[in-house]
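In this note's numbering, the protein residues as written are 4 to 538.
Written out as structure tokens, the structure reads:
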């Protein structure tokens, strides 16, 4: 593969044909080796009676090279999401007792992950980090999907922190029981998730109204690296959170940047990043007060397991959107200040690639159906333009990726994609019994509609409404029955016109692209932009 990468030609956006530099392997260096891992974040949860032994079964994608020796850290802290992110102040009130962890090979064989030779480990609340290790009897094939099954427990009434929303369509599970014997039996049977651990599917909220968060590995590292670039990403929700659970791809990727990085391009290759941020992260709060534990951990891996070599090769700065300010210099200085702190920590000579910032729509006259209907205030037009020009001109970056044209609407490059850009055909018949009183939660659509799509349809002439799909059953006739999260009694005309949203309405603004907007971005940002990852 290295020869193919080094010899193939491509034409980067706005440049001449280029040959990527050859990769230099270092097969004894631990590097990120799993797509879709997440830092614990969001909110703590409480062990309930009869449910204080828990087990998560999660599946991840491996790199596009063989791996064999895995290093899997688990942590005892979580990050805030939203205004204070990524401060590491969401903490369990007791240690997390890990009973056992297993690595699930694609062939179904489970191998025990050991902590210093032991099956169990205790993760100290707030400060704890434990490192599990497993060496497979033979190399894991490139581009595999493997699993990590984690069993942990606590005392009833104590709290714990998780990070993963299980993805049903990928076979992920979350069980809870009263003791270790019972939780092992649930895992062996591999039945449905425990109902109390499988509520509010595909929904983000707090402990009372969000899909529950399962505990699992903070990251997965492995030896076998073939030398391809590995970014340490300074990130916010645009790395992943535009999607929640139901739309994840086969390798657990969600979001604009994780999906784009993992494209298996024949020239530029797929890339598994080290993601440092969480939803809501602000540049000004990263690597500052109460946001250093993740950084201390990756540096400890460098020094303890990697002989002084980092688990990344360059920095990709996608952050900055949440630092928005009416004063352009305040906004851009917050983003650039984080780059300064990273360079102070790792040396001024590190290779840093910047990313411009996309706009936010603050209102829509038609619920996100048309581009023209969006409202974009000066903060996200003239002020944002000034900030993006500063990013593109800054000497702090060796290169900059301008993501705006890949993301924004062709008809108005200051606005996000809208539903009119994603026609899906028509609703099949009409849902419910059409009395306008009885609620319904299933709608028949063309089977080509991807699961998890946020749809909008013309339920009566000139009137539109939206739903979020989260599960589907194929009817075998070109249609499928989709479950929807929003349950109302809407009276729908026959064969209503059907579109897919490009953006989600987040409380009062259109902040996050949803599935079709994400996939459009991935298809439009050239893979040749990965050339900028090389010094």
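Glycine included, C-beta positions come from ideal geometry on N, C-alpha and C.
- As summarised for the segment 366-417, the continuous beta strand (DSSP E) elements at least 3 residues long and confined to that stretch are 402-404, given in chain order.
- If you keep only unbroken beta strand (DSSP E) runs of at least 3 residues inside the segment 137-180, you get 148-156, 162-164 and 176-180.
- Measuring C-alpha to C-alpha distances from residue 538 to each of 476, 403, 109 and 256 identifies 403 as the nearest.
- In the DSSP assignment, residue 506 falls within the unbroken beta strand (DSSP E) covering 506-509.
- Judged by DSSP secondary structure, residue 186 falls within the alpha helix (DSSP H) whose first and last residues are 183-192.
- Closest in C-alpha terms to residue 192, from the list 225, 199, 345 and 176, comes 176.
- Secondary structure note for residue 57: its beta strand (DSSP E) is the uninterrupted segment 56-64.
- In the three-state scheme derived from DSSP, where H, G and I count as helix and E and B as strand, residue 443 is classed as strand.
- Note on residue 519: 16 or more other CB atoms within 10 angstroms of its CB, so buried under the neighbour-count rule.
- For the alpha helix (DSSP H) assignment, the uninterrupted runs of no fewer than 4 residues enclosed by the segment 292-379 are, from N- to C-terminal side, 296-308 and 331-349.
- The beta carbon of residue 440 sits closer than 6 Å to those of 492, all from its chain and outside the five residues before and after it, given in chain order.
- Inter-segment contact for the segment 64-74 and the segment 339-351 is absent: fewer than three beta-carbon pairs are separated by less than 8 Å.
- Between residue 485 and residue 468 the beta-carbon gap is near 15 Å, outside 8 Å, which marks them as no contact.
- Minimum Cα-Cα distance from residue 461 among the listed residues 508, 203, 157 and 433 corresponds to 433.
- Residue burial annotation: residue 507 is buried, with at least 16 other C-beta atoms found within 10 angstroms of its C-beta.
- Looking at the backbone, the Cα of residue 490 and that of residue 442 are separated by about 6 Å.
- Taking the CA atoms as reference points, residue 532 sits about 25 Å from residue 336.
- For residue 467, the uninterrupted beta strand (DSSP E) run begins and ends at 466-477, by DSSP.
- Three or more beta-carbon pairs separated by less than 8 Å are not found between the segment 123-136 and the segment 37-44, which leaves the two stretches without contact.
- The beta carbon of residue 210 is closer than 6 Å to those of 46 and 48 in its chain, skipping five residues each way along the sequence.
- Per the DSSP secondary-structure output, residue 125 pairs in a beta bridge with 100.
- Measuring C-alpha to C-alpha distances from residue 331 to each of 385, 319, 306 and 174 identifies 385 as the nearest.
- Taking residue 171 as reference, the option from 313, 60 and 311 with the minimal CA-CA separation is 60.
- It is roughly 18 Å from the alpha-carbon of residue 515 to the alpha-carbon of residue 368.
- For residue 257, DSSP records no beta bridge to any residue.
- Straight across, the Cα-Cα distance linking residue 189 with residue 51 is about 17 Å.
- The beta carbon of residue 32 sits closer than 6 Å to those of 228, 309 and 312, all from its chain and outside the five residues before and after it, given in chain order.
- Assigned with DSSP and collapsed to three states, residue 222 falls in coil, not helix or strand.
- Annotation: residue 156 to residue 94 spans about 16 Å, alpha carbon to alpha carbon.
- Counting only residues of its own chain and dropping the five nearest sequence neighbours on each side, residue 105 has a CB closer than 7 Å to the CB of 113, 114, 115, 116 and 152.
- Below 8 Å, enough C-beta pairs join the segment 414-429 and the segment 363-383 to call them touching: three or more.
- Judged by DSSP in its simplified three-state form, residue 459 adopts strand.
- Selection 271, 245 and 450 evaluated against residue 281 yields 245 as nearest (Cα-Cα).
- For residue 267, the CB contacts under 8 Å within the same chain, skipping 5 residues up- and downstream, are 67, 146 and 273 in chain order.
- Residues 496 of the same chain have their beta carbon placed closer than 6 Å to that of residue 463, with the five preceding and five following residues left out of the count.
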